[in-house]
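Take the sequence shown: its position 457, counted from the start at 1, is 457 in full-length UniProt numbering, and no numbers get skipped. Positions of the beta carbon are idealized from the N, C-alpha and C atoms, including for glycine. All remarks here apply to the structure that follows.
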Amino acid sequence: MNSAKVTGTPLVALTNAEKHFGAVRALDGVSLSIFPGECIGLVGHNGAGKSTLVNLVNGGLMPSAGTVSFPATGAPRALEAGVRSVFQELSLCPNLTVAENLRISHADLTGFGWRTRARAEIRKSLDTVFPDHGIDPNITVDRLTIAERQMVEIAIGFAPRGTQARLVILDEPTSSLDAAIAEQLLAHIRRFCAQGGAVLFISHMMGEIFDVASTIVVMKDGKIVASRPTPDFTRASLVEAMGHVAGPETEKAATSRPAFGADILNSKTGLTASKGEVVGLAGLAGHGQAEALAQLYFEHTSSWRAGKGSDMVFVAGDRGRDGILPLWSILRNTTVSILPQIARRGIVDRAAETRIAAEWKARIGIRTADVTNNILSLSGGNQQKVLFARALASKAPVVVMDDPMRGVDVGTKQDVYAMIRSEAAKGRTFLWYSTETDEVCQCDRVFVFRDEAISAELTGADITEDRILEASFEMQGVDA
């Protein structure tokens, strides 16, 4: 936990701030001050108002009522006050280099030799936050893994860019990072706050919140419902403050894991799985897990023909690139995988489609008043819920999941875990890559990847964090 002493004038102060979108009150009378040296852990379910609050602080939105001010600097706008934002939905330009992406948010990088200065600045920031990162400032972003892109985005957030950062807003910053890289970021946050900076840290990973935050602020339905020093919370009291109530799927979750028969799935990568088994992929990010899942998926779906459906369905972690259809509604994004099931002679039964979308909206808790709204009207976490609904609504016997819990709140995670167990009990097979060790440890079998190959296969009592870490790092550096 960050224990830096909080003193001085607030960097930012919200007073009775409200934000309305038509009849919707996304933020309802919020008052919050953030001081130098403070790390605020901001938690709440998807749609609780966290993103709206962040956009008021960083100037992306103006309040409908109340005020947002920057007393410590007296600056009229967030940018001049040293407020930086690193969003869950990555905003890098994929056709530009890492250094050129820094230039977008650094107006002072002009004139002859600006690329040289940009390369030096982003390299120094990466070295500071993520030692031994191995990222070349000259490489184009589209050649980076999602974890590397997230590292670059974070490094740009902390980079000087002409003026020092005073308040850095981090929205799910570790969602694509493995445990070792995430710990480097948390260590930097502690140093940054100890030196007088401040961080607004949004995460659904409760362990990180308790590890780094000095104060935890809980939001629900556009309001702050609890705000206390971190030691005053326990995990149970934090979940209670968030107000999660387990859904029906949680109650139906299987309490034991059955014995499995022969493998029904064998991949050229070495991955195997049995009917009804939940198979996890673990290891340090970028060591071939996502590529193995992609190869497996293409092996089993390349012969798909319209009207026959597929043996596999995919849940993307990088939803912007691989998941959502941004021009479509929530309804159409949910039901696109099941159209052959609800069509006769090529004509979709729209009543059945609407009924199924409504059912999954309720089952997985998609927060929207109308499923005919555009998918981009949802928060990132709720968009991810739509991808889960799309997959689980299908009849595909195998579900492939590429780090799918990015940006999903802790309550919804528990419901999704329960749904996975419920579906597995009915004979469905899951292949699940996750950067969260706690998730991987819930699987029946785990393949640990190192250097783009399987380094260990764990089952039963051997599936522990220690064994996973041992297999992830084993033999690395022995020749040094």
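_Beta-carbon gap between Ile366 and Leu376 smaller than 9 Å_ = no
*Could I get the ranges of all uninterrupted alpha helix (DSSP H) runs contained in the region 19-104, with 4 residues as the minimum, in chain order?*
50-57, 98-104
_Helix, strand or coil at Pro229 [DSSP, three-state]_ = strand
*Separation of Ala352 from Ala4, as counted between CA atoms*: Confidence at Ala4 is low in this model, with a pLDDT of 48, below 50, so the placement of that residue should be treated as unreliable; the coordinate-derived value is given next. If you take the alpha carbons of Ala4 and Ala352, they lie about 56 Å apart.
*Nonlocal neighbours in the same chain, by C-beta distance under 6 Å from Ser455, ignoring five residues either side*: Val448, Ala471
_Through-space distance from Leu281 to Gly197, alpha-carbon basis_ = 37 Å
_Ignoring anything shorter than 4 residues, give me the alpha helix (DSSP H) runs that lie fully in the region 121-166, in order along the chain._
146-158
_Rounding to the nearest angstrom, what Cα-Cα distance links Pro160 and Val371 in this structure?_
43 Å
*Expressed to the nearest angstrom, what Euclidean distance is found between the alpha-carbon atoms of Val245 and Ser31?*
The predicted model places Val245 with a pLDDT of 43, which falls under 50 and marks its position as unreliable; any figure quoted below should be read in that light. The alpha-carbon atoms of Val245 and Ser31 are separated by roughly 26 Å.
_Spatial neighbours of Gly47 within its chain, please: C-beta separation below 7 Å, excluding the five flanking residues on both sides._
Arg367, Ser379, Asn382
*On the three-state DSSP scale, how would you describe Arg117?*
helix
*Name the two residues that bound the continuous alpha helix (DSSP H) containing residue 481.*
Not covered by the structure: residue 481. The range shown for the chain is 1 to 480.
*Where Leu325 falls, given that 16 or more other Cβ within 10 Å makes a residue buried*: exposed
*Compare the C-alpha of Val141 against each of Val98, Val218, Ile154 and name the closest.*
Val98
*DSSP state of Ile366, grouped into three classes?*
coil
_Contact under 9 Å by Cβ, Ala316 with Leu431_ = no
*For Pro94, which residues of its own chain have a beta-carbon under 6 Å away from its beta-carbon, when the five flanking residues on both sides are left out?*
Val141, Asp142
*Mind checking if Cys441 is an interface residue toward chain D, Cβ cutoff 9 Å exclusive?*
Among the chains in the structure shown there is no chain D, since it carries only a single protein chain.
_Taking the straight line between their C-alpha atoms, what separation do you get for Met242 and Gly113?_
50 Å
*Distance CB(Ser329)-CB(Asn373) smaller than 9 Å*: yes
*Mind checking whether Cys39 and Val212 have CB atoms under 9 Å apart?*
yes
*Taking all protein chains shown into account, decide if Arg321 is buried (16 or more other Cβ within 10 angstroms of its Cβ) or exposed.*
exposed
*Taking the alpha-carbon positions, what's the Gln384 to Gly323 distance?*
8 Å
*C-alpha distance - residue 534 paired with Val83, whole-angstrom precision*: Only positions 1 to 480 of the chain appear in this structure, which leaves residue 534 out of reach.
*Taking Asn266 as part of the alpha helix (DSSP H), name the residues at either end of that continuous run.*
Note, Asn266: premise wrong, no alpha helix (DSSP H); beta strand (DSSP E) at 263-266.
*Should Asp318 and Ile146 be called a contact, given that it needs their Cβ atoms to be closer than 9 Å?*
yes
*Is Lys395 helix, strand or coil when you go by DSSP?*
coil
*Check whether the region 180-189 touches the region 67-75, taking contact to mean three or more Cβ pairs, one atom from each stretch, closer than 8 Å.*
no
*Are the beta-carbon atoms belonging to Gly446 and Val279 less than 9 Å from one another?*
The amino acid occupying residue 446 in the given sequence is Val; Gly does not appear at that position. Yes.
*Pull up the distance between the alpha-carbon of Val24 and that of Ser214, whole angstroms please.*
32 Å
*asked:* Let's test the definition: count the other Cβ atoms within 10 Å of the Cβ of Arg190 and tell me whether it reaches 16, buried, or not, exposed.
replied: buried
*Which two residues bound the contiguous beta strand (DSSP E) that contains Ile330?*
Run containing Ile330: none in the beta strand (DSSP E); it sits in the alpha helix (DSSP H), 330-335.
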